[in-house]
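Participant: Right, I'll just put the structure down here and ask away after.
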Amino acid sequence: MDFEPWMLLVFPLFFGMGWMAARVDIKELLSESNSLPRSYFQGLNFLLNEQQDQAIEAFIEVVKVDPQTIELHFALGSLFRRRGEVDRAIRMHLNLYERADLDEEKRQQALFELAQDYLKAGILDRAETAFHGLNGTSHELAALEFLLEIYQKEKDWLKAIDITQRLAMLTGKSYARQSSFFYCELAERECADKQVDAAIVHLEQALAVDPQGVRASIKLGDIALASGNTQRAIEIWKTVETRDAQYLPLVAERLLNAYAQNGKESTGVALLQAYLQKHPSLDLMNVLFEALVETDGPEAAYQMVLNELKRNPTLLGLDKLLEAQLMKMTGERRGDVELVKSLIHNRTRSLAMYRCGHCGFKAKQFYWHCPACHSWESYSPKRSEENGLIA
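Under the numbering used here, think of the first position of the sequence shown as 376, with each following residue one higher.
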């Protein structure tokens, strides 16, 4: 760009305007800061140094001096809640909510903070009422998420389902998987109360919202078996392969027992062998191992495990191989193999755990709902050592 002489006149003008603006901003800043109590700056300093207790005391002094500091009331209430002093947080936010001079936006914010205080204090009925009072406000989405948390704690599954539907409408996201699990929880309770027809309805609703849901299918199969319809149970459980094949270990023993009841145990064993070939799984192998020992003897079980070890070498598989070998062994060498098996078995205890993919919590049994972080379907039905098995 060519330089023009008129620019020499413009540059000083721009510089002067910037200098004047800066002077005005600095004057306003100094004026505002001079009007703030010294305790305010002490509180900020304590916060920066992560000294919450001292910060709270300093801010309390500010509030006493200037009751109009609304934002400071909010900050102080949040500090109380984080520190576990929920009674003081409730008083602080309730005082704000009841102020006649508070505009509607601040009143909604006060109600939102108050609802969180009640939730932290475990006063769930008041928290629920407060969160419902935020419908149609800018806090509605967060309030619904908190309500979903409350209803799961209370095991109020119908209300939880209603909230997932509202969340789906509000966000455009799918909550189908969560809704499906809530229907399954309802069905589990109804089965325990002998309300089988109601349970079937809710399990079918679970599959309607989440057609790939495995849990509902497994439970429907259980109900069919309990009613004496063994063939129907088999048909339902076999759908697990197309829904999500990694869950086949959860129905393997069920299928085997159902086929045995129909006098077709060899057909059940053949089905599990086909599953294992296509979908490698240690639990599937274990069920098949026990079945082969009964139907074909230890040698057949040994050969099956040996073939699996060649395809997918694992310590858990080796432990099973040694178990099969011990069934065939006698004499002096048996003690040596027992020693090796004992050492390997002790080592595999940590490898035979199920692990939550959300929080990492390990458990000996499979959970649909993590007992630690409360996530749904966060457990893989595979053991810790199974990651990366080759089909």
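Even for Gly, the Cβ is constructed at its ideal location relative to N, Cα and C.
Decide if T705 is buried, meaning its Cβ has at least 16 other Cβ atoms within 10 Å, or exposed.
Facilitator: Under a 10 Å Cβ-count criterion, T705 is classified as exposed, with fewer than 16 other Cβ atoms of the shown protein chains found around its own Cβ.
Participant: Pull the bridge partners of H507 from the DSSP assignment, please.
Facilitator: DSSP, once it has assigned bridges, lists no residue as partnering H507.
Participant: In its own chain, which residues sit with a C-beta less than 8 Å from the C-beta of L631, not counting the 5 before and 5 after it?
Facilitator: E640, G643, V644, L647, V662 and A666
Participant: Go ahead and label M544 buried or exposed: buried means 16 or more other beta carbons lie within 10 angstroms of its beta carbon, across all protein chains shown.
Facilitator: exposed
Participant: Using 8 Å as the cut-off, can you tell me whether the segment 692–705 makes contact with the segment 664–683, which would need three or more C-beta pairs spanning the two stretches below that distance?
Facilitator: Contact between the segment 692–705 and the segment 664–683 is established, with three or more Cβ pairs separated by less than 8 Å.
Participant: By the three-class DSSP mapping on this structure, what secondary structure does Y526 have?
Facilitator: Looking at Y526 - three-state DSSP - the assignment turns out to be helix.
Participant: Cα separation between L697 and M679?
Facilitator: 13 Å
Participant: Would you identify the three-state DSSP class for K402, choosing helix, strand or coil?
Facilitator: At K402, the pLDDT of 40 sits below 50, so the modelled position is not reliable; the number obtained from the coordinates is stated separately. Reduced to three states, the DSSP call for K402 is helix.
Participant: Alpha carbon to alpha carbon, how far is E460 from E488?
Facilitator: Taking the straight line from one Cα to the other gives about 14 Å.
Participant: Measure from the alpha carbon of L690 to the alpha carbon of each residue in R590, T504, L523 and L726, then state which is nearest.
Facilitator: L726
Participant: Just how far apart, CA to CA, sit H468 and E524?
Facilitator: 22 Å
Participant: Relative to the C-alpha of F521, which residue among H507, R709 and S750 is closest?
Facilitator: H507
Participant: Whole-angstrom Cβ separation of A485 and Y493, contact assumed at under 8 Å?
Facilitator: Cβ atoms of A485 and Y493 stay farther apart than 8 Å, at about 13 Å.
Participant: What residue ranges within the segment 549–601 form continuous alpha helix (DSSP H) runs of no fewer than 4 residues, ordered along the chain?
Facilitator: 551–567, 571–584 and 589–601
Participant: Check whether the segment 731–739 touches the segment 555–574, counting contact only when three or more Cβ pairs, one atom from each stretch, lie closer than 8 Å.
Facilitator: Of all C-beta pairs linking the segment 731–739 to the segment 555–574, fewer than three are shorter than 8 Å, placing the two stretches out of contact.
Participant: What are the start and end residues of the alpha helix (DSSP H) that includes G735?
Facilitator: Looking at the DSSP string, G735 is not in any alpha helix (DSSP H), and its letter there is neither H nor E.
Participant: For L451, does the count of other Cβ atoms within 10 angstroms reach 16, so buried, or fall short, so exposed?
Facilitator: buried
Participant: Is the CB of A591 under 8 Å away from at least one CB in chain C?
Facilitator: Absent from the structure: chain C. Only one protein chain is present.
Participant: Can you round the beta-carbon distance between A490 and A518 to whole angstroms, since I take them to be within the 8 Å contact cut?
Facilitator: Going by Cβ atoms, the distance from A490 to A518 rounds to 7 Å, so yes, they are a contact pair.
Participant: Going by beta carbon distance, what residues of the same chain come within less than 6 Å of T605, once the five residues before and after it are set aside?
Facilitator: A633, Q636 and N637
Participant: Please return the same chain residues whose Cβ sits closer than 8 Å to the Cβ of R552, not counting the five positions on each side in sequence.
Facilitator: D585, G588, W751 and E752
Participant: In terms of residues, what are the limits of the alpha helix (DSSP H) holding F741?
Facilitator: Where F741 is concerned, there is no enclosing alpha helix (DSSP H), given that its DSSP letter is neither H nor E.
Participant: Where does R758 land, buried or exposed, given buried means 16+ other C-beta within 10 angstroms?
Facilitator: buried
Participant: Checking 8 Å against the spacing of the C-beta atoms, do I593 and L623 come in under that value?
Facilitator: no
Participant: Counting only the same chain and skipping the five closest in sequence on each side, list residues whose C-beta sits under 7 Å from that of L684.
Facilitator: G692, L693 and L696
Participant: Would you list the one or two residues that DSSP bridges to Y754?
Facilitator: C731
Participant: Just to confirm the assignment, what range does the alpha helix (DSSP H) spanning M679 have?
Facilitator: P673 to R686
Participant: Please return the same chain residues whose Cβ sits closer than 7 Å to the Cβ of R629, not counting the five positions on each side in sequence.
Facilitator: Same-chain partners within the cutoff: G596 and W612.
Participant: According to the Cβ coordinates, are Q527 and H733 closer than 8 Å?
Facilitator: no
Participant: Cβ atoms of A573 and L582: under 8 Å apart, would you say?
Facilitator: Taking 8 Å as the Cβ cut-off, L582 and A573 do not qualify as a contacting pair.
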